[in-house]
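Heads up: the sequence shown begins at 250 in this note's numbering, then just goes up one per residue.
Using N, Cα and C, we set each Cβ at its ideal position, and we do this for glycine too.
Computed from a predicted structure; not experimentally measured.
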Amino acid sequence: MGKRIIIQDEHTREVEFDECVEGGYALQYTKHTDNGSLHLRGQIDNGKYSPRHWIKNYEYAPLAKKLIAKFEELEHIDVRRILFIEDHVSYENKPPTGNPWVCQVKKAAKELTKIWGYWYVFEIRQHLFERKSFEQRIALFYHELRHIGSLGDLHNHDIEDWTDMVTTLGQNWAETDAMLWNILDDGFSWGQPPRQLTLLSFNQSASAQ
250 MGKRIIIQDE HTREVEFDEC VEGGYALQYT KHTDNGSLHL RGQIDNGKYS PRHWIKNYEY
310 APLAKKLIAK FEELEHIDVR RILFIEDHVS YENKPPTGNP WVCQVKKAAK ELTKIWGYWY
370 VFEIRQHLFE RKSFEQRIAL FYHELRHIGS LGDLHNHDIE DWTDMVTTLG QNWAETDAML
430 WNILDDGFSW GQPPRQLTLL SFNQSASAQ
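Written out as structure tokens, the structure reads:
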């Protein structure tokens, strides 16, 4: 469905632009002469970002919105300012050395901020991300969003990790094969005992009987 865009002079209320356009757009309006110039740039929701990266706003922005809506510590984040991209390089034959990151948040390049309005780039290594459990993927997203500070800066980890995540999900929540809490579940809150420990205690108790 088309959208009607009207631009008026804020003082005289004279209509400077009135036109119907298709789809969603980021607008840039410049007025160097009496005739304004309107630039329509389509929203980046899905498309090629680089030879190895693909834009996936349509897939990941909804998850980020759910986390922001649920957790007070994320409420300062504007998901519209985040560009979500996937790294589609396969590490099957040559995996990253050391302890490879699965997701990371970084400041957007000046061009992305100036032209598109993105402040951050949220990058996902698809090959590693898809190996994680559903619960781990959600926790990884929360973990990375926590890096975004209320003043627009990026925070480092709190000690080795965010304290509430370690307390509730366990210190090895990103690597464990044990069942984790789904932090988006109704009734979930930080401070519950780790599920890994709960299951371990249950198994030990059953073996002792």
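Decide yes or no for the touch test of the segment 305-319 against the segment 401-418: beta carbon pairs closer than 8 Å, at least 3 of them.
With contact defined as three or more Cβ pairs closer than 8 Å, the segment 305-319 and the segment 401-418 are not in contact.
At the level of alpha carbons, what is the spacing between Y367 and L377?
Between the alpha carbons of Y367 and L377 lies a gap of roughly 25 Å.
Is it the case that the Cβ atoms of L323 and A357 are separated by a distance below 8 Å?
In terms of Cβ geometry, L323 and A357 do not form a close pair [threshold 8 Å].
Apply the 10 Å Cβ neighbour rule to C352 and answer buried if 16 or more other Cβ atoms are within range, or exposed otherwise.
By the Cβ neighbour-count rule, C352 is buried, with 16 or more other Cβ atoms within 10 Å of its own.
Closest Cα partner of D435 within the set L400, I397 and F320:
The shortest Cα separation from D435 among L400, I397 and F320 belongs to F320.
Return the CA-CA distance between T362 and D267, expressed in angstroms with no decimal places.
Distance from the CA of T362 to the CA of D267, rounded to the nearest whole angstrom, comes to 27 Å.
Which first and last residues belong to the alpha helix (DSSP H) in which Q353 is found?
That residue, Q353, is in no alpha helix (DSSP H); its beta strand (DSSP E) goes C352 to K356.
Inside the segment 353-407 only - beta strand (DSSP E) runs reaching at least 3 residues
Those beta strand (DSSP E) runs which fall completely within the segment 353-407 and span 3+ residues are 369-374.
Could you tell me the distance, in whole angstroms, from the CA atom of I255 to the CA atom of W365?
Taking the straight line from one Cα to the other gives about 20 Å.
Hey, how far is the Cα of N431 from the Cα of F390?
Cα-Cα distance, rounded: 12 Å.
Quick check: is any heavy atom of the ligand COA less than 7 Å from the C-beta of A313?
Here there are no bound small molecules, and the ligand COA is not part of this structure.
Based on the DSSP output, what are the partners of G296 in its beta bridges?
Looking at the DSSP assignment, G296 forms a beta bridge with I304.
Where does E321 fall in DSSP's three states?
The three-state secondary structure of E321, taken from DSSP, is helix.
Buried or exposed by the 16-neighbour rule on C-beta atoms within 10 Å, applied to F383:
Exposed.
So for V264, helix, strand or coil by DSSP?
Reduced to three states, the DSSP call for V264 is strand.
Per DSSP, what kind of secondary structure is D336 in: helix, strand or coil?
Three-state DSSP puts D336 in a strand.
Is it buried or exposed, D258, if we count other Cβ atoms within 10 angstroms and call 16 or more buried?
Counting Cβ neighbours within 10 Å, D258 comes out exposed, since fewer than 16 surround it.
Kindly list the residues whose CB is nearer than 6 Å to the CB of W439, restricted to its own chain and excluding five residues on each side of it in sequence; keep chain order.
Beyond the five residues adjoining it in sequence on each side, W439 comes within less than 6 Å, by CB distance, of D413 and T417 in the same chain, given in chain order.
Using DSSP's beta-bridge definition, name the partner residues of I432.
For I432, no pairing in a beta bridge is given by DSSP.
The alpha helix (DSSP H) enclosing D413, as first and last residue numbers:
It spans T412 to L418 - the alpha helix (DSSP H) in which D413 sits, taken as one unbroken run.
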